[in-house]
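Right, one structure below, let's go through it.
2 protein chains.
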Amino acid sequence: MNASPYTLLSRSTECQARCGEIATLHGVVQTPVFMPVGTLGTVKAMTPENVIEVGAQIILGNTYHLYIRPGHELIRSFGGLHQFMHWDGPILTDSGGFQIFSLQDLAKITEEGAAFRSHLDGARLFLSPEDAIEVQEALGSDIMMVLDTCIPYPATREEVAKATALTARWARRCREAQTGTGQHLFGIVQGGMYADMRREAIEQLVEIGFDGYALGGLSVGEPKEMMKEMLAATASHLPATHARYLMGVGTPEDLVEGVYHGIDMFDCVMPTRNARNGMLFTSQGRLVIKNACFQHDQRPLDVTCGCYTCRHYSRAYLRHLFQSREILAYQLNSIHNLYYYCTLMAGMRSAIKEDRFLDFRRTFYEQRTQLFEEH
Amino acid sequence: MNASPYTLLSRSTECQARCGEIATLHGVVQTPVFMPVGTLGTVKAMTPENVIEVGAQIILGNTYHLYIRPGHELIRSFGGLHQFMHWDGPILTDSGGFQIFSLQDLAKITEEGAAFRSHLDGARLFLSPEDAIEVQEALGSDIMMVLDTCIPYPATREEVAKATALTARWARRCREAQTGTGQHLFGIVQGGMYADMRREAIEQLVEIGFDGYALGGLSVGEPKEMMKEMLAATASHLPATHARYLMGVGTPEDLVEGVYHGIDMFDCVMPTRNARNGMLFTSQGRLVIKNACFQHDQRPLDVTCGCYTCRHYSRAYLRHLFQSREILAYQLNSIHNLYYYCTLMAGMRSAIKEDRFLDFRRTFYEQRTQLFEEH
Chain A
1 MNASPYTLLS
11 RSTECQARCG
21 EIATLHGVVQ
31 TPVFMPVGTL
41 GTVKAMTPEN
51 VIEVGAQIIL
61 GNTYHLYIRP
71 GHELIRSFGG
81 LHQFMHWDGP
91 ILTDSGGFQI
101 FSLQDLAKIT
111 EEGAAFRSHL
121 DGARLFLSPE
131 DAIEVQEALG
141 SDIMMVLDTC
151 IPYPATREEV
161 AKATALTARW
171 ARRCREAQTG
181 TGQHLFGIVQ
191 GGMYADMRRE
201 AIEQLVEIGF
211 DGYALGGLSV
221 GEPKEMMKEM
231 LAATASHLPA
241 THARYLMGVG
251 TPEDLVEGVY
261 HGIDMFDCVM
271 PTRNARNGML
281 FTSQGRLVIK
291 NACFQHDQRP
301 LDVTCGCYTC
311 RHYSRAYLRH
321 LFQSREILAY
331 QLNSIHNLYY
341 YCTLMAGMRS
351 AIKEDRFLDF
361 RRTFYEQRTQ
371 LFEEH
Chain B
1 MNASPYTLLS
11 RSTECQARCG
21 EIATLHGVVQ
31 TPVFMPVGTL
41 GTVKAMTPEN
51 VIEVGAQIIL
61 GNTYHLYIRP
71 GHELIRSFGG
81 LHQFMHWDGP
91 ILTDSGGFQI
101 FSLQDLAKIT
111 EEGAAFRSHL
121 DGARLFLSPE
131 DAIEVQEALG
141 SDIMMVLDTC
151 IPYPATREEV
161 AKATALTARW
171 ARRCREAQTG
181 TGQHLFGIVQ
191 GGMYADMRRE
201 AIEQLVEIGF
211 DGYALGGLSV
221 GEPKEMMKEM
231 LAATASHLPA
241 THARYLMGVG
251 TPEDLVEGVY
261 HGIDMFDCVM
271 PTRNARNGML
281 FTSQGRLVIK
291 NACFQHDQRP
301 LDVTCGCYTC
311 RHYSRAYLRH
321 LFQSREILAY
331 QLNSIHNLYY
341 YCTLMAGMRS
351 AIKEDRFLDF
361 RRTFYEQRTQ
371 LFEEH
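Protein chains in written order, with my numbering: chain A, 1 to 375; chain B, 1 to 375.
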């Protein structure tokens, strides 16, 4: 657990963007990478084969959700989440911290850990840093995350300082709780919207030593500009020897900006959730499939897209399925949106390798003609 | 349209069961065959590739539903339903008669046709026999059905006689309305639960001359024994030179009994609807996936099944998905149930070709140990 699982392959000469690889128990991940979210042991509305076909290399599982349902002991009895859900590639699990934080009044944080109530049946539950590791070791993910205390926005310096210090103590307890399974453990940088506190948090985490480092507590309601500012002020302070993960982010624009600042890993429910709500990403901007203008439209969602959905179905058909609430609508839309995200990442990897990332970024913004925004 | 598209390949020497082929514009169908229902231009929760993979050869589209949404003119502008929904195999469309009949108080039948209100928005609509053909020609299905008046159960001889006579007159108008597209047109035998009236209806239809013949108005609420009685009393009177279709039927047992009596084609929403409700068909009987006994069950749904779902997923995982209302549950369950139905039909075809159908039927019933019925 001393050597970094991250290998740098190439770096932009114009910005912080970089290409690399992360070695895991279930194979190597090419970065920068987007990780589809498979909350409950399934990337919603997709088979694992669909997920591979859209170009995903690694998926994310939510410890909080799996802990509550179906329970980590059940998954352990299957030999882990991979076998349970029929996914042979790498899996990253979060620690549950963010979801518990989201429960707000249903959660109480103490030095020992987080006491909370199940969002399903109100059952009283408790998760300590040691529990978070035990659960993630039972799930058998390739990359585990430390239990952190997420900080709401806005928060005072004092509140942030207190929570950040606790996160650091919990991080150390997580590291010490590992039992040598070969799973990686990533630290999480908190610090609210205070760049100096985030840099201090990085130093504390690096001193403990993790297999990778994540920026947490961003995209929690703060203005977009503030998120960008935090990213710019902290990403380059994360050790260049290790993978850098921007948690829970984001839009296609966020991915491009994250990579620009040297981020290697992203996850977000946006592509799959928006797909189920009929909002599709295209090279020209966003498209709301229920709009009447698509009723007779025989074109694919995106003429430049090579996904299964765009190869075989028209906007008119997809609109019909969505309006009829057909399950196939959610499948086809999810395939398209995730293909869009994964292809965007692959495009960035190529651009970095050929040292033309700024060009790629410029073209990305120029293509977005806002063609559909009017609808 | 004079030569029968049906070719007899082999017949049981012990009963009416038979194997054959139906030639269509989109390929040849091996019979006996089960046709998955794709009401709105999609077999619910499945891609066309899934449908092919489970062994389906031909699917059914509902004229009533497609007429209302998205409309046959829209589908015509795509060159037909095949192109619209990305399905290159044969399609059979019903005429809309059964759905209009199901609207009950919202429908009014006259000599001219059926006046009804849309179940979606209450719009006043009208469908004559000529309209039913025009719509189905726009959809471009391989096999069209005549517009019929379905008869509720119970009904008096007088009511049945009236409706059956009207169906015969409408059948002739449908035949005359065809414009020579090469699509087949099947007649529908009504006659309620009166075998003699059904035999008379057959004579009238044969006199007009159709490309195949269907038994309609069964499985409309009558006791199972009565359905079997009607089947036994009429199936053998359908011309042996043509395909025989038992509409809207049924359970696995119904399929076996139908084939026994010489039926070639079946359709039913049961495998896909039950799949979405968590009721799975197995060689040993039915299984309700939400039952607690499956919580830790690492076995597939059916150890004898070779479907995608049984090859990769456990009962415990499928239960977890179903309890969590994950969309993947509906996909995997639908794949399994349709595979079960299509494999049952393939087994019957083999048994007939090897002249051991009665053996097959006996084994089918013996295997059903009712193992899961207790739950």
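Cβ atoms here follow ideal geometry from the backbone N, Cα and C, with glycine treated the same way.
In the DSSP secondary-structure assignment, A/Val259 is not bridged to any residue. Residues Gly192 of the same chain have their beta carbon placed closer than 6 Å to that of B/Ala155, with the five preceding and five following residues left out of the count. For B/Thr164, DSSP assigns no beta-bridge partner whatsoever.
Here B/Thr282 carries a strand assignment [DSSP, helix/strand/coil]. Counting of Cβ neighbours within 10 angstroms places A/Gln298 among the exposed residues, the total staying below 16.
Counting only runs of at least 4 residues, the segment 3 to 76 of chain B fully encloses the following alpha helix (DSSP H) elements, listed from N- to C-terminal order: 48 to 53, 63 to 68. Linking A/Tyr340 to B/His82 through their CA atoms gives a straight-line distance of about 27 Å. Straight-line spacing of the CA atoms in B/Arg315 and B/Asp94 works out to 36 Å. Within chain B, no C-beta atom comes nearer than 7 Å to that of A/Gly248; the closest sits roughly 21 Å away.
Leaving aside the five residues that flank A/Glu21 on each side, the residues in its chain whose CB is nearer than 8 Å to its CB run, in chain order, Tyr6, Thr7, Leu9, Val28, Val29, Gln30, Thr31. For A/Met85, the C-beta contacts it makes with chain B under 7 Å involve Tyr317, in order along the chain.
The alpha-carbon of B/Cys19 is positioned some 20 Å away from that of B/Val54.
When rounded, the separation of the alpha-carbon atoms in A/Asp355 and A/Thr13 is 7 Å. Out of B/Phe266, B/Thr309, B/Cys305, the CA that lies nearest to the CA of B/Gln57 is found in B/Phe266. Residues of chain B whose Cβ lies closer than 9 Å to the Cβ of A/Pro36 do not exist, since the nearest Cβ in that chain is about 13 Å away.
Excluding the 5 residues flanking it on each side, B/Gln331 has same chain C-beta neighbours closer than 6 Å at Ala45, in chain order.
Using a CB distance cut-off of 8 Å, B/Ser102 does not count as an interface residue toward chain A.
For B/His184, DSSP records a beta bridge to B/Ile143. Note that the segment 64 to 81 of chain A touches the segment 129 to 140 of chain A; at least 3 beta-carbon pairs, one per stretch, sit closer than 8 Å. Each residue's CA atom was taken as its position, placing B/Leu280 and B/Lys290 some 11 Å apart.
Think of a sphere of 9 Å around the beta carbon of A/Gly192: no beta carbon from chain B falls inside it, the nearest being about 33 Å out. Chain-ordered, the chain A residues with CB closer than 7 Å to the CB of B/His312 read His86. Of all residues in the segment 114 to 126 of chain A, none comes within less than 8 Å of chain B when Cβ atoms are compared.
The distance from the Cβ of B/Val146 to that of B/Ile188 is about 6 Å, consistent with a contact at the 8 Å cut-off. Of the other Cβ atoms in all chains shown, fewer than 16 fall within 10 Å of the Cβ of B/Pro223; this residue is therefore exposed. Think of a sphere of 7 Å around the beta carbon of A/Lys290: no beta carbon from chain B falls inside it, the nearest being about 13 Å out. A/Arg69 reaches chain B at His320, Gln323, Ser324, counting residues in chain order whose Cβ is nearer than 8 Å.
Considering only B/Ile208, B/Thr234, B/Asp211, the residue with the shortest C-alpha distance to B/Leu218 is B/Thr234. By the CB criterion at 8 Å, A/Val269 and A/Gly258 fall outside the cutoff.
In the three-state scheme derived from DSSP, where H, G and I count as helix and E and B as strand, A/Val288 is classed as strand.
Pairing B/Thr42 with A/Leu321 gives a Cβ-Cβ distance under 8 Å.
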